[in-house]
Amino acid sequence: TPFTRRTASTATPATRHPSTSAPSTSTGRARSTAGCSRRYERRSQRAARRWFPRLPSERQSLGDFGERTAAAHLEAKGYRIVGRKFRVRDAEIDLVARDGDALVFVEVRTRRGAYPGMAALSITRTKAAKLLLAADRYVEQHPEAADLPLRIDVVAIELGADGLLRNVIHIEDAVRPDRR
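Sequential numbering of the sequence shown, starting at 228, is according to my numbering.
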């Protein structure tokens, strides 16, 4: 199938990022590259990506929504958020918060349209080990946290199939080194 480059007249508003505009031909119709080489086709595809930058994936947007919801839930409970998205090589901590004098690492799990409780049950042994590793790395990089009591909580956010918030479950001290 020939690759057809999208122009301003053929792109729908949903596929085009609002801050960009695609170049158009003098006739306003899309040009076909049917007789061109693969190299030109690849080059055209790269150019098309520049004209239509990727929007965040639905999965990433869902995760970001879950982290914002979890942060609001924790702040309503009296926690103070001190960090977000702490990343090390093979692991990530979604939220870092203070609960009184304790430093809390929070893993946020967001599920849409799943059975009730599935978000909370999605923490595997592998994920627990990665959370413990990331917590250790955080303490190494922040020496002031070494003397504080530490714990890892899980906030499970369940959405209905329609995307509406169904439930927020906060499990304190969900991951411990002795329960890998």
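The C-beta atom is built at its ideal place from N, Cα and C for all residues, glycine as well.
1) Excluding the five sequence neighbours on either side, which residues of its own chain have a C-beta within less than 6 Å of the C-beta of A361, listed in chain order?
2) For a quick check, are the C-beta atoms of R331 and R378 less than 8 Å apart?
3) Would you identify the three-state DSSP class for T353, choosing helix, strand or coil?
4) Taking the straight line between their C-alpha atoms, what separation do you get for L375 and M345?
5) Mind the definition here: the region 348-356 touches the region 304-311 only if three or more C-beta pairs lie below 8 Å; say whether that holds.
6) Can you say whether E385 is buried or exposed, counting buried as having 16 or more other CB atoms within 10 angstroms of its CB?
7) Work out the CA separation of G310 and E285 for me, nearest whole Å.
8) Within its chain, find whatever has a CB closer than 6 Å to the CB of Y365; leave out the 5 residues flanking it on each side and keep chain order.
9) Look at A297 and V323 and say whether their C-beta atoms are less than 8 Å apart.
10) Ends of the alpha helix (DSSP H) at G290?
11) Pull up the distance between the alpha-carbon of E371 and that of N394, whole angstroms please.
12) Taking the alpha helix (DSSP H) that L375 belongs to, which residues open and close that run?
Here's the rundown:
1) Along the sequence shown, one-based indexing puts residue 361 at 134. Result list for A361: V315, A318, I320, in chain order.
2) By one-based count along the sequence shown, residue 331 stands at place 104. By one-based count along the sequence shown, residue 378 stands at place 151. The amino acid occupying residue 331 in the given sequence is Val; Arg does not appear at that position. Contact: yes.
3) Taking the first residue of the sequence shown as 1, we reach residue 353 at position 126. Three-state DSSP puts T353 in a helix.
4) The sequence position of residue 375 within the sequence shown is 148, counting from 1. The sequence position of residue 345 within the sequence shown is 118, counting from 1. Taking the straight line from one Cα to the other gives about 32 Å.
5) no
6) By one-based count along the sequence shown, residue 385 stands at place 158. Buried: at least 16 other Cβ atoms inside 10 Å.
7) On the sequence shown, position 58 is the one that residue 285 refers to. On the sequence shown, position 83 is the one that residue 310 refers to. Taking the straight line joining both Cα atoms gives about 24 Å.
8) Numbered from 1 along the sequence shown, position 138 holds the residue referred to as residue 365. Hits under 6 Å: F313.
9) Sequence index remark: in the sequence shown, residue 297 carries index 70 (1-based). Sequence index remark: in the sequence shown, residue 323 carries index 96 (1-based). No.
10) Residue numbering aside, residue 290 sits at position 63 when the sequence shown is read from its first letter. First-last of the alpha helix (DSSP H) with G290: 285-303.
11) As a first step, residue 371 must be located in the sequence shown, where it is residue number 144. As a first step, residue 394 must be located in the sequence shown, where it is residue number 167. Near 35 Å, if we compare the C-alpha coordinates of N394 and E371.
12) By one-based count along the sequence shown, residue 375 stands at place 148. No alpha helix (DSSP H) contains L375, which DSSP labels as neither H nor E.
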